[in-house]
Amino acid sequence: MGHVVLTRQMKGSETHDTYYVYDDKGNLCFVLQPMYQSSANLDLYAFQYKYDGLNRCIWKKLPGAGYVEMVYDNADRLVFSQDGNQRALTAGNWTYYKYDSLNRLTEQGVCTNKVTTSGTTVHIRNYYDSYSFIGTQGFPASKFSNDTSGYGKGLLTGRMVAGLGTSSPVWKAWYYDVRGREVKRVESNAMSGYDVTTTTYSFTDKPLTVKHTQSAGSTGSTSLTEVTTYAYDSADRLQKVQHKLDSGPTVTLAEYGYDNFGRLNSKKLGGTLHTSTYAYNLRSWLTGISGSKFSQTLTYNNGSAGYNGNITAMDWTANGSSHRYTFAYDGLNRLTAATHGAGQYTEKVTGYDKNGNILSLQRYGQLTASTYGLIDNLTFTLAGNRPTRVDDAVAASAYNGGFEFKDGVKQANEYVYDANGNLTKDLNKGISSIQYNVLNLPMNITFASGGFVQYGYTADGIKRRMMYKEANNPDAPVNTVYCSNVIYEGSVAKLLLTEEGYVTLSDKKYHYYLQDHQGNNRVVLSSSGTVEEANHYYPFGGVFASSGNVQPYKYNGKEYVGKKGLNLYDYGARMYDAALGRFTTNDRFAEKYYSMSPYQYGANNPLKHIDVKGDSIIDINGKAITYQNNEWSSNATPDVKRVGNAMMRNSVGQSQFEKMMWSDYPITITLSSKDNNNPGRIGVTSTTGDENGNITKAKITLYMEIIEDIANIIPYAKQGEIVKRYRENLNIDQLSNITLDDVIGATGTHESVHALDKYSNHVGQPDKSKREQNPILKEIEYIKKIKHW
C-alpha cells in the first residue's frame, strides 16, 4: 500500500514515464527509466533488485553496469559485496565488512573468498571507545597521545586507512571533550609527516578557534601552523573569520552581514579589500551580487518565465568585462539555449533523450582575433546512457587554444567503459586506458602518444597524490601532493587553501575568490586588491574567456585538470567533462534520480543546480555534514552524531539516514529537552515547501526528556501508543534490554520519513490524520530490527 508505481513528466504532449514494479512483499524489484518505454532493454534502462527471504536486497543492477551481489550475517549486517569490476578479476575479489557487538564497522577490505575472507587486504580498520591502539604499528606514542579521560566512549577514536594506487596508508586519531565534540585530531600525511588539528567551541557548539599544525618529512624538518578564528553575532551567525599563518599577522579573511530575514547581505574580504553585497526577491531567491571587481544580476521571470526558480537571464561584469546570457528551457526544466548577448559565446543543447542524455549540442566561440562563430556542432551516438561516439560537424577550431570539444578520431567505439560503467578509453582525447581502484576513482590514465596522469587515494576516497609525465620527457614525473588544505609540488609547499581563497606559501601572500551564485570562481584578487585572474564560463562549465591563470580551481570551485589535454573537473567522487556536459563515471547515488541518466550534470539545469557529493544534512551555518567510511565531518554537531549513530544501529535506520544525506534540500537535526507547548511530544519535524508541492527545507527536533521516559517505561508499561509499537514487535528479552539509543534511533527514523516524504507532512498531505501512516510503519520496521548481543 502507498507505493509509487508511476511518475510522469510532460514535455508538451510527450510523456516521460518512470515505472516502479514491486513483488508481493512490497519490495521494489524494477525501476524502468523513461527511455525504457521507447526501447524495452532492461540492461540499459532499468534498475533491478532481488531479495532473500528476509527481504534483504542481495542483488542489484544499475542501468548499463554489471550487477552487485550482497551477503548479510544473521544480524542483517552487510558482510560481503561484489561489483562487476571485482567479479571480472581473475581472483574474483569481494569487499568484506566486519563489525563489533554494537554494529560499528571495525574493518573493511577486499578478499578472494566470501566464506573465509582468504587473500585479505585491509582497507580500513576502525577503533572505538579507547586509545589502546596507541603504540601499535602506524600509531607511534611519540605522535599519538593516549587519553584516559573516557570521553571517547562510544565514539570513533582511531583509524588506519590503506593507500590505493600511489598513495601511502594514513593513520588517524580523534580526541573528544565531555560533550562528545572533537577537540583534537592527529593524522599522518602523504609527506611523511603529521597534521594536528585542535578545536575550541562556544557554549552553542560553534567552533571558535581551529589550530592546524602540519609537518613534512619523517623528522618534521618543515612545518607550518595556521590558526583560524571564528566570531558570531547575537543570533549565533558566523560574522568574522580571521587567519594567522606561522608568525605572520592576523588577517581578516571575511566579515559577513545579514538582513532581518537572516540572509547574507554583505561579505567583506581581506578587511577593506573588497565588499560584495547581495540582494533577494520576495521568495529569497538571489537576484544580485554587487562589488567593484565582480557583479552579477539574476533574472527569473522575463522571457519564457516558469516562475519555478529557473534563471531566465544573467548579467555579469568581472574585471571590467561585461557579458549577458538569456536562457530557455524545455518542459522538464532542462536547459536548451544559453544565448550570449553579443552572440559570441552561445551554448545550445539541441536534443535530449528521455533520460536527459544530451544528443546534440552547439557551442559558439572565438575563431580569430576578431571573429566569432560556431566551434562545436556535436552529435552523440549512445548505447543506453553512455556515449560510444561523438562527432563534430564543424572543422573550425577555437582561437588560441580556447575551450572546445576536440574531435580526435572518427570511428565506432570512441568511448569504452568497464563493468561498473566507468570510462576506460577516450580516443578523442588520445586516452588509451583509464584504470580505476575499488572506489571507482581513476588511478592511471595513459595516452596513446605516451605519458600519463596517475592518482593516489586512500581507501576513504580522499585524493592524496597526482603524478604527471609528458611523453619522451627524461625528467621525473611532476608530483602534486594533497595534505589536508596544503598542496605540495614535489617537496615544496605551494598553496594553503583558506575558506575564502588561498595563500601562496612562497611569499605568504593571501589571495581571495570572488564567486557567483553557484560558487564558480569568477575573480582572484591579490592581497593588494589587484585582479590576478578573471573567468567567464559557458553554462556547462567551460571557460570561454579568462585573464590570467594563476590557480586551478574554477567552475563550482573544483580543480580543473588540463594536463595532457585531459580537460576534466575533479569533483572528488567523479570527473566532469564540461565539453560534453556529462560525467565520466556512473553516479554512486544514481538510485536517487531514477528518471535521469546517471551521467547527467545538475539535472541538465546548470544555472540552477550544482553537483556535489550528495551530502545534504547541513549544520546551522548551511554547511554539509558528511558521514563517510564511519567518520563524521568535523562540523557534525553532537546532536547529529547522537541521532545518526542511533539510527545506523540497523539497516532500516541507516537507509533513512543515508536518504537524508542524499536529499536535494537541507535537513537539520537538533536535540531539545521537551516541547513546552506539547509536553508529551517525543519529536517533531517542521518543513517548508515550494509552489509545486515539493519540500525545500526540513528541521527535525527530538525531545530527549520524553525519549528517556519512554525508554525507561517500555519494559514495564502496557499502555500508550508508542509503547505499544515496541511491545507488539519485540519479545520479553528484547523489551527488557531496550536502550536509550534504541528509542532515539526509532524516533529519528520516524521523523526522517516526515522530512523526506512530502505526503507525510503538510507540504503534500493536507489530511493531518494520514501524515503519520508511513512514519509509523517505518518506525515499526526499525523496532523489529532491534537486537542486542
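Okay, so the sequence shown: first residue is 2 according to this note's numbering, each after it adds one.
We put the CB at the ideal spot given by N, CA and C, even for glycine.
Taking C-beta separations shorter than 6 Å and ignoring five residues to either side along the sequence, the partners of Thr688 in its chain run Ile696, Ala699, Asn762, Val764, following chain order. The residues Lys51, Tyr52, Asp53, Glu70, Met71, Val72, Tyr73, in chain order, have a CB closer than 8 Å to that of Ile59 in the same chain once the five nearest residues on each side in sequence are set aside. By the neighbour-count criterion, in which a residue is buried when 16 or more other Cβ atoms sit within 10 angstroms of its Cβ, Leu362 is buried.
The beta-carbon distance between Phe545 and Tyr538, rounded to whole angstroms, is 7 Å. This is short enough to meet the 8 Å contact definition.
The beta carbon of Thr389 sits closer than 6 Å to those of Thr382, Asn414, Tyr416, all from its chain and outside the five residues before and after it, given in chain order. Relative to the Cα of Glu183, the nearest Cα in the group Ser168, Tyr152, Ala163 belongs to Tyr152. Cβ-Cβ separation between Glu256 and Lys269: approximately 4 Å, consistent with a contact (criterion under 8 Å).
One Cα belongs to Asn386, the other to Tyr128, and the distance between them is close to 41 Å. Taking Asn486 as the centre and dropping the five residues before and after it, the same chain places the C-beta of Leu497, Leu498 closer than 7 Å to its C-beta, in chain order. For the set Val187, Tyr301, Gln516, Arg335, the Cα lying nearest the Cα of Ser277 is the one of Gln516. In terms of CA proximity to Ser82, Tyr97 leads the group Thr8, Asn75, Tyr97, Ala89. Nearest to Thr313 by C-alpha distance, out of Gly342, Val252, Thr198, Lys769, is Gly342. The residues Arg682, Tyr704, in chain order, have a CB closer than 6 Å to that of Asp676 in the same chain once the five nearest residues on each side in sequence are set aside.
In the three-state DSSP reduction, Met661 falls in the helix class (H, G or I). Collapsing the DSSP output to three states places Thr459 in a strand. Apart from the 5 residues on each side of it in sequence, Gly194 sits with its Cβ closer than 7 Å to the Cβ of Gln215, Ser216, Ala217, Gly218, Gly221 in its chain, given in chain order. A distance of 8 Å or more separates the beta carbons of Gly457 and Leu440. Pairing Asp237 with Phe262, the inter-Cα distance amounts to about 14 Å. Secondary structure at Leu63: coil, using DSSP grouped into helix, strand and coil. Assigned with DSSP and collapsed to three states, Pro208 falls in strand.
Taking each of Tyr21, Lys12, Trp317 in turn and checking the Cα distance to Tyr594, the smallest one comes out for Tyr21.
Spanning the alpha carbons of Lys495 and Leu506 requires a straight line of approximately 5 Å. DSSP places Leu103 in the coil class of the three-state scheme, outside both helix and strand. Residues Cys30 of the same chain have their beta carbon placed closer than 6 Å to that of Asp24, with the five preceding and five following residues left out of the count. Annotated three-state conformation of Ala472 is coil, per DSSP.
In the DSSP assignment, Val479 falls outside any alpha helix (DSSP H) and lies within the beta strand (DSSP E) extending over 479 to 484. If you check the CB distance, Asp316 and Thr298 come in under 8 Å. Annotated three-state conformation of Pro639 is helix, per DSSP. Inclusion of Val493 and Tyr469 in the CB contact set at 8 Å is not warranted, their separation being larger than that value.
Collapsing the DSSP output to three states places Ile290 in a strand. Under DSSP, Ser322 forms a beta bridge with Ala319.
Inside the region 98 to 182, DSSP marks no whole alpha helix (DSSP H) run of 4 or more residues. For the set Leu239, Arg264, Val228, the Cα lying nearest the Cα of Thr251 is the one of Val228. The region 638 to 651 makes contact with the region 742 to 753: 3 or more CB pairs, one atom from each, lie closer than 8 Å.
Under the rule that a run must span 4 or more residues, the alpha helix (DSSP H) segments found entirely inside the region 728 to 781 read 733 to 737, 741 to 757. When secondary structure is reduced to three states using DSSP, Val653 falls in the helix class.
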